[in-house]
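>
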Amino acid sequence: MKFLIAGFAHETNTFSTVPTDLAAFRAQSFVTGEEVAKAFTGTSTTTGGFLDVICERGDEVVHTVSASATPSGLVTRDAYETITGLILDGVQESQDVDGILLALHGAMVAEGIDDGEGELIRRIRSISGDDIPIVVVLDLHSHITESFIDYATVVIGYQKYPHTDTYERGVEAADLIARIVRGEVHAVSALRKPAMIPVCGKCHTQDGLYKELWDEALGASRPSSVISTSLFAGFSYADIPPMGFAVLVYTDGDVDVANAEADRLADLTWSRRDEFLYTPTSVEDGVSQAIEGTGWPVVIADIADNPGGGSSNDGVEVLRELIRQGVKSAAVGTVYDPDVVDLAIQAGVGGRLTTSLGAKTDSLHGNPMDIEARVISIWDGRFRYKGPMTTGSWASLGDCAVLDVGGIRVIVASKRLQCRDPEIFRAAGIDPLDVDILVVKSAVHFRAAFQPFAAKVIMADGPGLTALDLTRFDYSRIQRPLFPLDV
Ligand SMILES: [Zn+2]
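Counted the way this note's numbering counts, the sequence shown spans residues 2 to 488.
Right under this line is the structure:
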């Protein structure tokens with residue numbers, strides 16, 4: 002058999018003023034043709050899963066493109082059409098493939114296109130015809146629309162948050178599409194969207210409510226004809242009509258069972274919606290609680306400034322509070338400020354800076370901070386993920402400087418990137434076990450790699466575009482009522 006594969010991923014925060022252009026994709030990940038195999042073979046990614054299964058079966062692969070950018074504002078129409086065009090060209094040139102596997106996100110909003118992935122799949126289907134199976138893997142934070150149902154054969158969502166199962170979902174998709182090609186499975190779907198958006202910070206699946214919902218979805222009550230169940234949390238920071246939670250169930254040919262199972266899971270989630278309610282912890286209280294800790298290191302998640310959800314990554318409110326409360330043993334990963342990195346490079350290791358740090362992208366992430374700092378080290382920002390997510394993949398923070406600001410070590414970076422792997426600290430020369438307080442710009446993903454050694458985790462909700470208090474956001478296009486905004 003022969004399968005075309007493609008990857009195109011962006012989680013779009015429509016409140017962000019930072020446009021996501023082609024340069025943003027090139028800065029993170031943009032590979033074409035055979036480069037895709039080189040970049041993803043052996044990695045714990047969805048595409049890595051596709052490739053392993055296809056190669057083990059001895060099947061052929063048609064590569065097109067794999068592109069992803071750090072979450073930020075609307076994808077420019079130019080970037081959307083360019084990357085979509087590369088995929089569509091591949092589909093057009095390879096009409097002899099048996100199936101199409103797509104590693105997408107599900108929360109991409111482009112200029113003039115709310116449903117970035119749904120529109121992509123619609124265009125692919127218009128070229129491929131109705132007989133070619135298209136199996137799609139999406140992030141848990143997706144906006145599910147009817148386009149997914151109408152134009153994809155099966156859509157599979159991540160089951161874990163932190164997303165430690167991206168590889169497994171790729172394997173699942175590549176196995177399933179072969180069964181569909183062989184005529185062993187005839188997928189039919191049921192979609193339910195109860196009017197709710199679970200608060201992101203309450204959706205981790207290590208324990209608690211969301212894990213219990215997944216246990217129910219995948220446990221003994223699951224009908225035997227179900228071939229895929231997804232519980233999409235939605236992505237709160239997109240002001241578009243389809244934003245919200247979704248249950249998506251596929252069975253092998255049994256529509257009634259699919260509908261009953263989707264109803265069962267949607268009703269269960271709705272009945273427990275109050276458990277998603279969340280009381281934010283202020284930055285001041287978060288730092289106080291960290292200081293009161295009895296073990297180290299304590300991890301403070303600066304959840305409202307999580308670049309993994311489209312924040313600017315340049316807020317310094319937690320740093321300011323650490324200094325105000327007299328903390329001496331702490332490290333911050335990271336603060337995006339390329340201007341300060343340039344100054345640090347000019348000053349050199351051991352040099353001193355008097356400048357303004359952070360909060361330069363917009364007025365939504367607090368205020369800049371006047372600092373007097375010493376340059377501890379300069380680093381090219383490259384590191385390899387060694388935690389449970391995307392293990393083995395390389396990433397870059399751009400040129401970086403580690404600064405000593407009032408005794409606190411601050412990694413200042415030239416690129417925005419969620420701090421979800423302690424390897425960022427290690428690669429910057431900071432032993433995360435040798436620090437009392439670690440500050441990470443992340444909402445949940447950090448838990449996979451940090452929680453095993455953290456004495457305590459604190460979610461501090463300061464200013465930023467990924468605040469868990471959704472009442473701060475001025476929604477105008479989402480469907481209302483929507484829990485918990487309209488409790
Ligand atoms: Zn996600």
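In this text, a Cβ means the ideal position worked out from N, Cα and C, and glycines have one as well.
To the nearest angstrom, how far is it from the Cα of L266 to the Cα of S45?
29 Å
> Reducing DSSP to helix, strand and coil, say where L214 ends up.
helix
> Give the list of continuous alpha helix (DSSP H) stretches no shorter than 4 residues that lie fully inside the region 197-278.
Given a length threshold of 4 residues, each whole run of the alpha helix (DSSP H) inside the region 197-278 is given here in chain order: 210-219 and 256-272.
> Run the CB neighbour count on W380, radius 10 Å, all protein chains shown included, and call it buried at 16 or more, exposed below.
buried
> Here's a check: name, in chain order, each residue in its chain whose Cβ is nearer than 8 Å to the Cβ of A38, leaving out the five neighbours to either side.
The beta carbon of A38 is closer than 8 Å to those of L52, V62 and H64 in its chain, skipping five residues each way along the sequence.
> Find the nearest neighbour of A420 within the set A332, G367 and V436, judged by alpha-carbon distance.
Before going on, a small fix: residue 420 reads as Cys here, not Ala. Of the listed residues, the one whose Cα sits closest to C420 is A332.
> With the cut-off set at 7 Å, would you say I181 and G235 are in Cβ contact?
no
> In chain order, what residues have a CB nearer than 6 Å to some heavy atom of ligand 1?
D140, L141, H142 and H164
> CB A10 to CB S73, shorter than 7 Å?
no
> Would the region 397-414 count as touching the region 134-149 if we require 3 or more Cβ pairs under 8 Å?
no
> Going by beta carbon distance, what residues of the same chain come within less than 7 Å of D99, once the five residues before and after it are set aside?
M2, K3, F4 and V182
> Buried or exposed for P482, please, with buried defined as at least 16 other CB atoms from any protein chain shown within 10 angstroms of its CB.
Exposed, since its Cβ has fewer than 16 Cβ neighbours within 10 Å.
> If you reduce the DSSP assignment to three classes, tell me which class A191 lands in.
strand
> L486 to P195, Cα distance in whole Å?
14 Å
> In chain order, what residues of the same chain lie with their CB nearer than 7 Å to the CB of D363, ignoring the 5 residues before and after it?
T18 and S313
> Taking the C-alpha atoms as reference points, what is the distance between A261 and G388?
38 Å
> If you draw a straight line from the C-alpha of V258 to the C-alpha of F246, how long is it?
Cα to Cα, V258 sits roughly 21 Å from F246.
> Would DSSP call C401 helix, strand or coil?
strand
> Could you tell me the alpha carbon to alpha carbon distance between I292 and G352, rounded to whole angstroms?
Separation of I292 and G352 (C-alpha to C-alpha, rounded to the nearest whole angstrom) is 30 Å.
> Which word fits L214, buried or exposed, when buried means at least 16 other C-beta atoms lie within 10 angstroms of its C-beta?
buried
> Between L323 and I409, is the Cβ-Cβ spacing less than 7 Å?
Against a cut-off of 7 Å, the Cβ pair of I409 and L323 comes out as a contact.
> Specify the secondary structure class of D343 as computed by DSSP and reduced to three states.
helix
> Note down the Cα distance separating S415 from D240, rounded to an integer number of angstroms.
Going from the Cα of S415 to the Cα of D240 covers about 28 Å.
> Name the two residues that bound the continuous beta strand (DSSP E) containing S313.
Segment: none, S313 is in no beta strand (DSSP E) and carries neither H nor E.
> Along the chain, where does the beta strand (DSSP E) containing T356 start, and where does it finish?
Counting along the chain, T356 sits inside the beta strand (DSSP E) bounded by residues R353 to L358.
> Flag this pair as yes or no: are the beta carbons of L471 and S237 separated by less than 7 Å?
yes
> Does the pairing of the region 204-211 with the region 162-169 give three or more beta-carbon distances under 8 Å?
Result yes; three or more Cβ-Cβ pairs closer than 8 Å.
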